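All remarks here apply to the structure that follows.
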Amino acid sequence: MVSHPLYHTTVDGDNLMMEISLIGGNERGIFISSVKPGSGAEKAFLKEGQQLVMLDGCIKGRKQSVPMEACTKEEAHWTIQRCKGPVTVHYKGNDEGYRKLLKDLEEGKIRSGDSFFIRLNLNISNHLDSCTMSVQCDEIVHVLDTMNQGRYEWLCARMDPFTDRNLEFGTIPSYSR
1 MVSHPLYHTT VDGDNLMMEI SLIGGNERGI FISSVKPGSG AEKAFLKEGQ QLVMLDGCIK
61 GRKQSVPMEA CTKEEAHWTI QRCKGPVTVH YKGNDEGYRK LLKDLEEGKI RSGDSFFIRL
121 NLNISNHLDS CTMSVQCDEI VHVLDTMNQG RYEWLCARMD PFTDRNLEFG TIPSYSR
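Take the sequence shown: its letters are residues 1 to 177, numbered as in full-length UniProt numbering.
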């Protein structure tokens with residue numbers, strides 16, 4: 001495994017989510033996919049392809065360090081939206097990881113950079129919960145994207161309990177708020 005040097009820069013946390021776009025997730029890492037030209041993030045030398053490692057500062061109302069390497073795309077968005085004042089962004093250059101993520105997305109090998117399995121602890125009805133998949137308590141689903149089409153809903157696949165293969169695909173609401 002290639003080791004990448006770690007860099008850091010301080011930015012205005014209040015504006016960070018409006019100045020950068022993110023791609024990736026818990027399986028591939030969180031990467032900056034674009035930086036608004038002329039923004040504080042650009043002036044702080046943040047750019048496309050950098051992988052976020054950690055944020056330090058006032059986050060979610062208190063001073064803390066938040067590791068970003070294992071965050072889902074949804075967790076990364078919610079964390080950055082809750083930054084206030086000066087925030088130090090720790091990042092690394094990982095062009096190979098970023099290019100592979102983009103290639104796999106383009107080729108349809110992955111849906112995002114997210115991938116994990118959950119056993120549901122409630123029933124979800126596609127008629128009542130604004131989603132496209134009905135699932136039952138104790139069912140296992142493979143979560144493939146925690147911000148499907150930019151919305152706070154999860155793209156999932158129902159799992160075959162005997163083969164562990166993805167079966168039916170659909171969305172379920174995110175109840176993490």
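Ideal Cβ placement from N, Cα and C applies to all residues, glycine included. Model, not experiment: these values are computed from the prediction.
Residue i versus residue j: straight-line alpha-carbon distance, rounded
{"i": "leucine 52", "j": "glycine 13", "result": "14 Å"}
{"i": "lysine 84", "j": "proline 161", "result": "44 Å"}
{"i": "glutamate 42", "j": "lysine 63", "result": "24 Å"}
{"i": "aspartate 56", "j": "threonine 163", "result": "42 Å"}
{"i": "valine 35", "j": "serine 3", "result": "25 Å"}
{"i": "glutamine 81", "j": "methionine 17", "result": "6 Å"}
{"i": "valine 141", "j": "lysine 60", "result": "29 Å"}
{"i": "serine 134", "j": "glutamate 75", "result": "24 Å"}
{"i": "asparagine 166", "j": "lysine 109", "result": "13 Å"}
{"i": "threonine 146", "j": "histidine 77", "result": "10 Å"}
{"i": "glycine 38", "j": "cysteine 58", "result": "24 Å"}
{"i": "glycine 97", "j": "cysteine 131", "result": "32 Å"}
{"i": "asparagine 126", "j": "threonine 79", "result": "28 Å"}
{"i": "methionine 68", "j": "glycine 93", "result": "14 Å"}
{"i": "aspartate 95", "j": "histidine 8", "result": "17 Å"}
{"i": "glutamate 19", "j": "serine 33", "result": "11 Å"}
{"i": "phenylalanine 117", "j": "methionine 159", "result": "9 Å"}
As assigned by DSSP and simplified to three states, the class of residue i
{"i": "tyrosine 7", "result": "strand"}
{"i": "isoleucine 80", "result": "helix"}
{"i": "tyrosine 152", "result": "coil"}
{"i": "alanine 157", "result": "strand"}
{"i": "tyrosine 175", "result": "coil"}
{"i": "lysine 43", "result": "helix"}
{"i": "lysine 73", "result": "helix"}
{"i": "glutamate 106", "result": "helix"}
{"i": "leucine 16", "result": "helix"}
{"i": "serine 115", "result": "coil"}
{"i": "asparagine 166", "result": "strand"}
{"i": "histidine 142", "result": "strand"}
{"i": "tyrosine 33", "result": "It is serine, not tyrosine, that sits at residue 33 in the sequence shown. Reduced to three states, the DSSP call for serine 33 is strand."}
{"i": "serine 21", "result": "strand"}
Presumed contact (8 Å Cβ cut-off) between residue i and residue j, rounded CB distance
{"i": "leucine 22", "j": "lysine 73", "result": "7 Å"}
{"i": "leucine 120", "j": "glutamate 106", "result": "Wrong, their Cβ atoms sit about 31 Å apart, outside the cutoff."}
{"i": "valine 11", "j": "glycine 40", "result": "6 Å"}
{"i": "glycine 24", "j": "leucine 144", "result": "Wrong, their Cβ atoms sit about 13 Å apart, outside the cutoff."}
{"i": "asparagine 123", "j": "glutamine 136", "result": "5 Å"}
Residues bridged to residue i [DSSP beta-bridge criterion]
{"i": "cysteine 58", "result": "Lys63 and Lys84"}
{"i": "arginine 99", "result": "Per DSSP, none; premise fails for arginine 99."}
{"i": "glutamine 50", "result": "Gly93"}
Cutoff 8 Å: residue i Cβ touching any chain C Cβ
{"i": "cysteine 71", "result": "No chain C is present in this structure, which holds just one protein chain."}
How about the segment 16–33 and the segment 105–117: do they share at least three Cβ pairs that are nearer than 8 Å?
yes
How do the segment 89–101 and the segment 35–53 stand: do at least 3 beta-carbon pairs fall below 8 Å, yes or no?
Short answer: they touch.
Touch test, the segment 167–177 against the segment 137–157, Cβ-Cβ under 8 Å, three pairs minimum:
yes
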